[in-house]
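Worksheet: one structure, shown below.
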Amino acid sequence: MNLDSLLSRDIGRVKQLVMVLGVLSLLLFELAKYFFFDAPVATILLDTAVGLLLILMLTLAVDRLGERLQRQLLHEIEQRNLIENQLRLRSSALEAAANGIVITDRQGKIIWVNPAFVALTGYKESEVVGKNPSVLRSGRHEEAFYHNMWQTILSGQAWHGEVINRRKDGRLYTEEQTITPVLDEEGRVSHFIAIKLDITPRKQAEASLRQFTERLEAMHAIDQAILSRRALQEMIPNALLRLQQIVPWTHASVVLLGLSPSETLTLTLDEEGSVTTTSGAAGRFDDEQALHHARQNQVQYVPDLRQTAVPVSETLQAAGVVAYLNVPLMIQADELLGLLNLGADVPAAFTEEHVAIAREIADSLAIAILQNRLYEAERLQREKAEVLQETGAALSSTLDFDQVLRLMVDQIVRVVPCDAANLIMIHGNFARLVHSTGYDKYGVKVATKVANLVFEVDKTPNLVQLLQTKQPLIINDVYQYPGWLHDKGVSHTRAWVGVPVFLQDETTAVFALSKNQPDYYHEGHVELLQAFAAQAALALDNAYLYEQLRAHATQLEDRVAERTYELAEANKRLTELDRLKSKFISDVSHELRTPITNMNVYLDLMEKGKAEKRERYLQILRQETARLTQLIENIFDESHQTSHLHQTQYTLVDLNHIVGEVSASHHSQIEARNLKLVCTLDPELPAVFGEPSQLARVLTNLLNNAINYTPSGSIHIRTFRSGDSIHLQVEDTGVGIDPEDLPHLFDRFYRGRNASQSTIPGTGLGLGVVQEIVGLHHGEISAQSGAAGGALFDVRLPVRMPLANI
85 MNLDSLLSRD IGRVKQLVMV LGVLSLLLFE LAKYFFFDAP VATILLDTAV GLLLILMLTL
145 AVDRLGERLQ RQLLHEIEQR NLIENQLRLR SSALEAAANG IVITDRQGKI IWVNPAFVAL
205 TGYKESEVVG KNPSVLRSGR HEEAFYHNMW QTILSGQAWH GEVINRRKDG RLYTEEQTIT
265 PVLDEEGRVS HFIAIKLDIT PRKQAEASLR QFTERLEAMH AIDQAILSRR ALQEMIPNAL
325 LRLQQIVPWT HASVVLLGLS PSETLTLTLD EEGSVTTTSG AAGRFDDEQA LHHARQNQVQ
385 YVPDLRQTAV PVSETLQAAG VVAYLNVPLM IQADELLGLL NLGADVPAAF TEEHVAIARE
445 IADSLAIAIL QNRLYEAERL QREKAEVLQE TGAALSSTLD FDQVLRLMVD QIVRVVPCDA
505 ANLIMIHGNF ARLVHSTGYD KYGVKVATKV ANLVFEVDKT PNLVQLLQTK QPLIINDVYQ
565 YPGWLHDKGV SHTRAWVGVP VFLQDETTAV FALSKNQPDY YHEGHVELLQ AFAAQAALAL
625 DNAYLYEQLR AHATQLEDRV AERTYELAEA NKRLTELDRL KSKFISDVSH ELRTPITNMN
685 VYLDLMEKGK AEKRERYLQI LRQETARLTQ LIENIFDESH QTSHLHQTQY TLVDLNHIVG
745 EVSASHHSQI EARNLKLVCT LDPELPAVFG EPSQLARVLT NLLNNAINYT PSGSIHIRTF
805 RSGDSIHLQV EDTGVGIDPE DLPHLFDRFY RGRNASQSTI PGTGLGLGVV QEIVGLHHGE
865 ISAQSGAAGG ALFDVRLPVR MPLANI
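Throughout, our numbering is defined as the position within the sequence shown, counted from one, plus 84.
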């Protein structure tokens, strides 16, 4: 029986009671009328009737109020039942929801989870209730990520995002999570509800799709790089860097195998894309096991070099390689073009898919390499033909011997790779480098040393062998060739090839090329050089005949021109000499006139002056007489030296000894001028070939010059060696040299502006004699002066050196 039926039954009973009370009230009123004359009884009856009426009225009022309460109660009961049903439905929905749901309190402790959460994480409800959701953390997110999430939901805002969590079994999964704060009646956060959607399959699908797309893009980019007509040194690194996007290598190299060791080329890349290129012996691939697999068209994959003993294991591990993949570059079963080597710094880095991709790329690379080789061979053949044709035409267009020599060497280096090239002319037992190229990159000293170098053939084993056999000679490594003459200037040479040039069945020249890597040259290079040698022989023969004819004609012309020039120069020298002598006579007259004038003055004073001053006058007369005598002696000495310059006998001379003698002879003169003389001499100074008296005259003239032009201060004499020269320097702190005088300083009879405007004695012959003596000793002299005064004269004499080897 429900609540409605109970209420209806109670209301019916109340209505029956009201009817009974009403009837009783009426009966009591009737009885009261009957006992009207019996007052007490009537009163009792009336009171009873009134009471019953009051009860009746109260019952009716209660009845009406009960009906209203009944309706309100029924409504509230219905609402409560509805809410309970809704809660039951919602609870059932939460329990049955496919997404994981977590409810936590304000402190973040879990108070309820649904079954989907249990299925998603592997944790039972009893294992997580009372704990923090941080038990699911995977370590893939920074602490700031969780901090921002917590601050967001604490502020009353919902948070939505993707989170990588860890299941109870340790596996990672990705969930899409929404956390919604629950507010209490006062608007404060009391709970949090988190809804978790497992999106791991979607993420895996997206990653697979992305990897597939990246692979397609990378494969397309690799194909584009391979199909490009770029040089292999550019195309291969570009393709390998593209390959890195889909195959995780940290070290990669491509070994290109050639017909000879010199044609072996290895391109090595690191993870950052830096390319290292090695060729020849340095680029040789020595892993015979890998080559064996490659020749069988087999891929060699070593997941962990630390667990496998392969021949190059130690070398690869030293470079940081742990996993090693070697793929052949092969077009046909018997044509191995090279190898693709990939390495990784972690074990088992390459999957079967990676190996398949590498194999596919290797096939494409092999096709591209073959095409490149065919194209390069065709280009080289065309270029060789063009160069030979151009060379023939050029050689036919000129008979100039030097031009023919330069042209041949310049054309050879266009088609035959080399670091340096020489054309060596043979004259009896002597060989001379008449034209060279490629030495500038080794420095000016090396290039200068090689230019026009002459050496003896019988002391050069490679030339001896070439001239005896009259056959081309290839030296794979000069350091392994017996008797090779090593020289500091050309120590870069490792591989050498020489081809003889025949003129009337005699070897008259040799084309010699060198490379700074061993095992470089092969028969293909020799064949090309022989083609040039055949052209060169004909051109040299024609040029030699023409050179003889032209030399004879030139000799006649030169004789006429020489005589004409000599006459013109003699006339010019006579004119200049006449001018200089006139100036010299004028200067000497001035120099002589000054002391003579002074002497005349003091002679008059002696005759007419006071007797007590005659001693002073005599002293001055003696000084002027000495000055005049010294001037005449200087003129005589310079003239005498000039006349005996070429009457010399050279011997070994100790320059330091000459400095000591000359400086000692000038000691009193220097002290009289109150000057300071400093000598800085190199104790290890080598002896020079020269004439001692002439070298002493050089220093005497320079020292006299310094004393005359230095009113006060010091004079510094130095000797030292610099390279192939011995230096003798005289430096003073005197009046210096005018810039306009420097070009004429060593001209005979020339006196500078400072000398002309002062009372400094001199004839203008001293420095001219110095320059001529230095020239006879195959030396040089220079002068320099600063704006503040002072002068430096630098004499450079050659050091005799033994003949250098090639």
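Heads up, the beta-carbon is just placed ideally off N, CA and C, and yes, glycines get one too.
| Asked | Found |
| --- | --- |
| Where residue 534 falls: helix, strand or coil (DSSP) | helix |
| Assigned secondary structure, residue 810 (DSSP; H/G/I helix, E/B strand, else coil) | strand |
| CA nearest to the CA of residue 895, picked from 683, 716, 326 | Residue 895 lies beyond the residue range present for the chain, which begins at 85 and ends at 890; the question has no answer from this structure. |
| For residue 202, the three-state DSSP class (helix, strand or coil) | helix |
| Residue 878 to residue 867 span [Cα, whole Å] | 6 Å |
| Strand pairing of residue 583, partner residues [DSSP] | 595 |
| Residue environment, residue 523, which counts as buried when at least 16 other CB atoms sit within 10 Å | buried |
| Outcome for residue 763 when other beta-carbon atoms lying within 10 angstroms are tallied against a minimum of 16 | exposed |
| Cβ-Cβ separation, residue 746 to residue 857 (assumed contact under 8 Å), whole Å | 14 Å between Cβ atoms; not a contact. |
| Distance, residue 341 Cα to residue 365 Cα | Low confidence applies here, because residue 365 scores a pLDDT of 47, under 50, leaving its location unreliable and the question unanswered by this model. |
| DSSP-derived helix/strand/coil call for residue 759 | coil |
| Contact under 7 Å by Cβ, residue 896 with residue 407 | There is no way to answer for residue 896, as the model of the chain reaches only from 85 to 890. |
| Buried versus exposed, by CB contacts within 10 Å (16 or more), residue 743 | buried |
| Straight-line gap, residue 335 to residue 600 (C-alpha atoms, nearest Å) | 27 Å |
| Supposed contact pair residue 874 and residue 808 - C-beta distance, whole angstroms, cut 8 Å | Wrong, their Cβ atoms sit about 28 Å apart, outside the cutoff. |
| Backbone CA spacing between residue 823 and residue 869 [nearest angstrom] | 8 Å |
| Three CB pairs or more closer than 8 Å across the region 225-238 and the region 203-212 | no |
| Beta-carbon gap between residue 510 and residue 399 smaller than 7 Å | no |
| Cα-Cα separation, residue 428 to residue 384 | 14 Å |
| Straight-line gap, residue 242 to residue 265 (C-alpha atoms, nearest Å) | 6 Å |
| Residue 559 burial status per 10 Å Cβ neighbour count (16 or more: buried) | buried |
| Alpha-carbon to alpha-carbon, residue 556 and residue 621 | 15 Å |
| Cα-Cα separation, residue 238 to residue 262 | 14 Å |
| Rounded straight-line distance, which links the Cα of residue 649 to that of residue 492 | 36 Å |
| Residue 794 classed as buried or exposed, judged by whether at least 16 other C-beta atoms fall within 10 angstroms | buried |
| Residue interval of the beta strand (DSSP E) (run including residue 435) | Run containing residue 435: none; DSSP gives neither H nor E here. |
| Coil, strand or helix - residue 457 by DSSP | helix |
| Minimum Cβ-Cβ distance from residue 284 to chain D less than 7 Å | Protein chain content of the structure displayed is limited to a single chain, and chain D is not contained in it. |
| Buried/exposed call for residue 595, threshold 16 Cβ in 10 Å | buried |
| Host alpha helix (DSSP H) of residue 261 (start-end) | Not the alpha helix (DSSP H): residue 261 falls in the beta strand (DSSP E), residues 256-267. |
| Inter-residue CB distance, residue 772 and residue 881 (contact presumed, cutoff 8 Å) | 5 Å |
| Check whether residue 260 and residue 246 have beta carbons under 7 Å apart | yes |
| Within the region 216-262, ranges of the alpha helix (DSSP H) (whole runs, at least 4 residues) | 227-238 |
| Within 7 Å, strictly: CB atoms of residue 353 and residue 324 | yes |
| Exposed unless 16 or more other CB atoms sit within 10 angstroms - verdict on residue 752 | exposed |
| Limits of the alpha helix (DSSP H) - the one that residue 853 falls within | 850-860 |
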